[in-house]
Every structure is written in C-alpha cells, then in structure tokens.
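Right, one structure below, let's go through it.
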Amino acid sequence: MTQQEYQQEIDFIFNRFPSYQSAGKVAYKPGIGTMEALDKLLGHPHRRFRSIHVAGTNGKGSTSHMLAAALQKSYRVGLYTSPHLVDFRERIKVDGKMVPQEFVYGFLREYKETFVELGASFFEITTALAFAYFAEREVDIAVIECGLGGRLDSTNIITPELAIITNIGLDHCEHLGFSLGEIAAEKAGIIKPGVPVVIGEKGCSEVERVFREKAAQAGAPILFAEEEVVKGGLSGRIYEELLGREMDLKGACQQKNIKGVSVALQVLQGKLEVDFPIDNICRAAHITGLRGRWETLCREPLVVCDTGHNAHGFKVLGPQVERSAKERMKLYPGAEFHMVFGVVADKDLAAIVDYLPKEAHYHFVKARGTRALPADVLAEKMVGYGFKGEAVGESIGEFLKSFSAKAGDFVFIGGSTFVVAEAIEYFCVH
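Numbered per the working numbering, the sequence shown spans residues 1167 to 1596.
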C-alpha cells in the first residue's frame, strides 16, 4: 500500500458517502437497520468486546477521552469519537494510538462495494470500521461516542456496560426535536434494560423527568453525577483528585465533565470487578490526547481555540473567553482582543451571540465545507447584532499567515469545529 493508494480510498468514502459534518442534513441517516445489516455481514464484531456508550449535546468527546485514558491503566481500550480535526484516523484509537492506515485501507478496499449496495452512510461505514478494528485488536472495553442523538444513532446496536449522557441543550433541532424534553428523549434512547446510566448534568425538570421515566421503564439504575460526587465515596475522591491535577483538557466546562467521568469510574469498578487505584486513574485521565478544547496554539500573541459551537456550549465558553482576554490585557496594557469566528449555517446564531464578548474585534471567516456560513453573510448578521469586525475573504490558513498581532494580544479562534480544525492544521505546519 502506498500513501497515494491509501488517500484514494479515503477520498472515495468522503466523496461517495458525504459526512454529516461536511454535508449537513442531506447526509443524516436515522435508524439502525443498515448498521445491523452491515454488522451481521462483518460477523457482529461489537459482541466481541465490552463497551461504554456516551451521548449528550456537548462534552461527549472530552468525557470519552478522559474515560478511555483512565481505563488504559488496567485494560486495552478502544475509543471511537467524531468528528476528526486533522486526520480521519483520530476517530478510531486503541490505547491512545490511531488505527493504522493499513487497516483502514484493507477494510475499505474489501467492503466498499458492499457499502454502495447497502446504501450505507459515512458514519455507518466509520462505525463498522471502528467495531471491526476493536474486535481484531481484542480490546477489553471500548468507549463509543454517539454521532448524533442516540435512539436512532448507528452506534446504538451495542449493549454496553454503562451509558453516559453528558447534558442536554438545543442543537440539531431539525433532527432531534425543538424542545429540551424531545432532545432528551432521543438521547435517552441509549438507555438499555438493566444497564446503569450516568447523567452528567441534570438540566431542567422536564429533562430530568424524561431520564427518570426512561430509566424506570428499562429497569436501569440512574445516577446523577452532580448529586453523587457530593456523597463522598469513590466518585467523590476521584473528582477531588482530578480537580487538583493539571489536565490537558482545559476550559470551564471540563469541571462538569469530570463529575460524570468520576461517577462512571465508580460504576465501572463494580461492573468490571477490578480495583482502580485512584492515583493511577488520575495520572492517566489528565493526559487524553484530545485537541481543540481550550487549546493554546501560540503564546506570543496568546492564541487559544475551542470547538464550542452552539449556545449551550458558549454559555460556559463565552464568559471564559472574556475573562481570559481581560486577564491578558491587564498583564499587557495596550494589548488587543481578537476573535477569529466562523459558524455553520444551521446553528442558532441569535442564541449564540448572547454569550459572545462584544469588546473584541471580530474577523469573520468561512471554514471549508458546504455547511459553513459565508463570511460576508456572517459579518452582516453579527454587525447587526452590535459586534464590530469584518469578513475575511481568504481561507483561514491564509488569513492567519497574514494576520498581524502584537505579542501581548489575545486571540480566540472558534465558533465551529471546522474553523478550529483549519487553525490547528495551520499551526501544526507553522
């Protein structure tokens, strides 16, 4: 296999089977029928390893990566998440290492005609690839992140040891519902009979009611992380220990994610019948390898990026950006505050702007992909909301190359996973 041959197979699935991240709702395929057919053809690989299922509006990636890192001290651990930022293989890892190009190439070569015949989606293909790889590597347990929703998600063919729902916010409403209760019901679709479920953030009374009812119907023990960690016990000790450590995942939202992870580890200790030394767990969990979560890309000027991309996320992220900018400008009098900002067209911009700092100068960008809102359209909308700035006509990489900022300036890059991905790609090279 040459690098060119590998790239041809990757290009084939991206072009023939557009992903939701790049194409939006035209690529969304609800239901597990095709996934079940594909899984049967592959010999049901997901039955050959234990699993943990993670759903939620925000925090799924961080939660999944922290759990996988913690479990790696005792097990061979698979990790399946989406989307990727730079390399497709980021989606599928075993013990922190990406799936080899050779496995991806061989799998796609062998089954691509089958994918066409079944009418499989991009996400169904990547899910099948992940399950097949985890089975071949004989992982002890795999952390599986839902793609979108839960009930009708391709990953929902598994029967896990534990389900985790991080939180509920208004996002992907055209697919999941236009109320928090409706969205909670879709996410709660991963709750299985007798399988414990950890709820990271309880949310409003309607969301809590949906979760309690679904768990009761399934006979599934339900634990609310915010309540459990204050009771003491193992989850409380893990939570306090993790809070006291320097994590590679930064950001105010991580404190909430850590609560869910702490309770999940307490449940897993009983389910897996193994003693987790707390120090080992915490030493492992603070190094996850996940990028784009309050990540520092440059120190002079200070450039930070974050993949927060909806109102629920920016409710926490926006104030953190503002605080960080003010702290920076206290240290460097005369420094400037810049926002490199782009969004996808289907996001509720009117809800997001409530949490964005108005004192920044904005550079409105358009990321690659058909879902991205054009920079000039975004600029017009944002100026109408009272923000100051201008549209950037060039690519994000070209803009960053020509962008001039002083050493003391604070620059935040975000609004979309795709904007962050292009920024990381640029800084990796430069």
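Ideal Cβ positions, reconstructed from N, Cα and C, are used throughout, including at glycine.
- Taking C-alpha positions only, residue 1378 is separated from residue 1350 by approximately 11 Å.
- The beta carbon of residue 1278 sits closer than 7 Å to those of 1178, all from its chain and outside the five residues before and after it, given in chain order.
- Check the Cα spacing between residue 1394 and each of 1427, 1580, 1511 and 1537: the tightest is with 1427.
- One Cα belongs to residue 1299, the other to residue 1434, and the distance between them is close to 23 Å.
- Here residue 1196 has 1318 as same chain residues with Cβ atoms under 6 Å from its own Cβ, once five neighbours each way along the sequence are excluded.
- Sorting 1472, 1537, 1496 and 1490 by C-alpha distance to the C-alpha of residue 1511 places 1537 at the top.
- Per DSSP, residue 1329 is one residue of the beta strand (DSSP E) stretching across 1328–1331.
- At the C-beta level, residue 1593 and residue 1468 stay beyond 8 Å of one another.
- Inter-segment contact for the segment 1307–1316 and the segment 1212–1222 is present: three or more beta-carbon pairs are separated by less than 8 Å.
- Non-local C-beta neighbours of residue 1226 in its own chain, meaning closer than 8 Å and more than five positions away in sequence, comprise 1220, 1247, 1311, 1312 and 1332, ordered along the chain.
- The beta carbon of residue 1557 sits closer than 6 Å to the beta carbons of 1530, 1541, 1542 and 1545 from its chain, once the five residues preceding and following it are set aside; these are given in chain order.
- The segment 1372–1390 and the segment 1236–1243 do not touch, with fewer than three beta-carbon pairs separated by less than 8 Å.
- Linking residue 1569 to residue 1466 through their CA atoms gives a straight-line distance of about 13 Å.
- The beta carbon of residue 1259 sits closer than 6 Å to the beta carbons of 1245 from its chain, once the five residues preceding and following it are set aside; these are given in chain order.
- Under the DSSP assignment, residue 1291 falls in the alpha helix (DSSP H) whose first and last residues are 1288–1302.
- Spatial neighbours of residue 1505 in its own chain (CB-CB distance under 6 Å, excluding positions within 5 residues in sequence) are listed in chain order as 1526, 1528 and 1578.
- According to the DSSP assignment, residue 1232 belongs to the alpha helix (DSSP H) that extends over 1226–1237.
- The Cβ atoms of residue 1175 and residue 1257 lie no closer than 8 Å to each other.
- In the DSSP secondary-structure assignment, residue 1468 is bridged to 1576.
- The distance from the Cβ of residue 1453 to that of residue 1235 is about 6 Å, consistent with a contact at the 8 Å cut-off.
- Around residue 1439, the same chain offers no residue with a beta carbon nearer than 8 Å, after the five sequence neighbours per side are excluded.
- Residue 1551 carries a coil assignment under DSSP once its states are collapsed to helix, strand and coil.
- DSSP, reduced to helix, strand and coil, places residue 1481 within a helical segment of the structure shown.
- Just measuring C-alpha positions, the residue of 1180, 1212 and 1341 sitting nearest residue 1253 is 1180.
- Taking a contact to require three or more Cβ pairs closer than 8 Å, the segment 1284–1299 and the segment 1202–1210 qualify as touching.
- Annotation for residue 1307: the continuous beta strand (DSSP E) segment containing it runs 1307–1311.
- Less than 8 Å divides the Cβ of residue 1228 from the Cβ of residue 1459.
- For the segment 1489–1549, the continuous beta strand (DSSP E) assignments of 3+ residues that do not extend past its boundaries occur at 1503–1507 and 1527–1530, in sequence order.
- Residue 1572 sits close to residue 1501, with the two beta carbons spaced by under 8 Å.
- Straight through space, the alpha carbons of residue 1524 and residue 1552 are spaced by roughly 7 Å.
- Proximity to residue 1482 across 1456, 1513, 1519 and 1503 peaks at 1519, based on C-alpha coordinates.
- Sorting 1223, 1261, 1224 and 1250 by C-alpha distance to the C-alpha of residue 1238 places 1261 at the top.
- Sequence-distant partners of residue 1405 (beyond 5 residues in either direction) whose C-beta falls short of 7 Å from its own C-beta, in its chain, are 1395, 1424, 1425 and 1428.
- Sorting 1363, 1474, 1210 and 1583 by C-alpha distance to the C-alpha of residue 1302 places 1210 at the top.
- Residue environment for residue 1432: buried (at least 16 other C-beta atoms within 10 angstroms of its C-beta).
- Between residue 1357 and the set 1223, 1595 and 1316, the nearest pair of CA atoms involves 1316.
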